[in-house]
Every structure is written in C-alpha cells, then in structure tokens.
Amino acid sequence: MTARDADGAVRACLALEQAIHDWSADTLQGDIADKARAAVRSMISALGDAAIGGVRNPRDVVAPYVEAMLAIRATVRAEKRYDLSDVIRDAFVNIGIEVRDTATGVEWDL
C-alpha cells in the first residue's frame, strides 16, 4: 500500500488467496500455509486501513499543518529567535519531516 495502489493491492491479495487454494491440494510441509494465511490477513488489514483513511499521499494530508508551522518558524527566524526556530525544526525531525532552508525558500520532505 506504500504506492497507494488499491487495485494492485486487491489483485495481489486475490492472487495469494488463489495460490493458497491451489496449494491446499498439495501436502504442505511445515508452516507454509500458516505464513500464507498471515500474509493474506496482513494485506486485508492494509486494505481496511486504506478504506478507512483513504488512499492519499501522506504529504497532501500533512501539508497544511507543516506549512502553518513553517510560517511560524519563518516569523520567529525573522525576529532572530533562532532558539524557537530550532525547537520547531527539531520537532519536525522527531516526526520524520526534513526541513531544508534553501536560497529560494524552505523545502520539506517526509
């Protein structure tokens, strides 16, 4: 689901389910069937999460909040309150957002 491809995820889940069915006629050794079932259950859970939260780019979800905090950071930087600017930057780092100050402005990535 990292590619946000719901159709592809459904196809993969159904293909694995079919493979499990096909294997059921064979004598399975070990825990292969259990591992396959666990994989299908995990895929179904990911599809459920996508159905609840939507299959959207995480950047689009957090952008309004990041941009608001970056505006505050720009204000405190303009006031030469670098201590506060650093607190905001460190908070971004702690939640996995990289902030870069460039010649053309601030850039950020997840």
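Everything in the sequence shown is counted per the numbering used here, starting at -18 for the first residue and increasing by one.
Even for Gly, the Cβ is constructed at its ideal location relative to N, Cα and C.
With 16 other CB atoms within 10 Å as the buried threshold, where does residue i fall?
i, result
"S23", "exposed"
"A72", "exposed"
"L(-5)", "exposed"
"L51", "buried"
"V(-9)", "exposed"
"R81", "exposed"
Tell me where the alpha helix (DSSP H) around residue i begins and ends.
i, result
"R62", "Note, R62: premise wrong, no alpha helix (DSSP H); not H, not E."
"D15", "I13 to G34"
"D3", "A(-13) to W4"
Do residue i and residue j have their C-beta atoms closer together than 9 angstroms?
i, j, result
"S66", "V57", "yes"
"L28", "A55", "no"
"A17", "A(-7)", "no"
"I53", "I69", "yes"
"A14", "S26", "no"
Would you mind working out which of the options sits nearest residue i, comparing C-alpha positions?
i, options, result
"L(-3)", "A20, R37, V68 and E48", "A20"
"V87", "A32, V47 and D41", "V47"
Below 8 angstroms on the Cβ atoms is my guess for residue i versus residue j; work out the distance and round it to an integer in Å.
i, j, result
"R37", "L91", "No, R37 and L91 are not in contact; Cβ-Cβ is about 13 angstroms, not under 8 angstroms."
What are the boundary residues of the beta strand (DSSP E) that residue i is part of?
i, result
"D90", "G86 to D90"
"R81", "E79 to T83"
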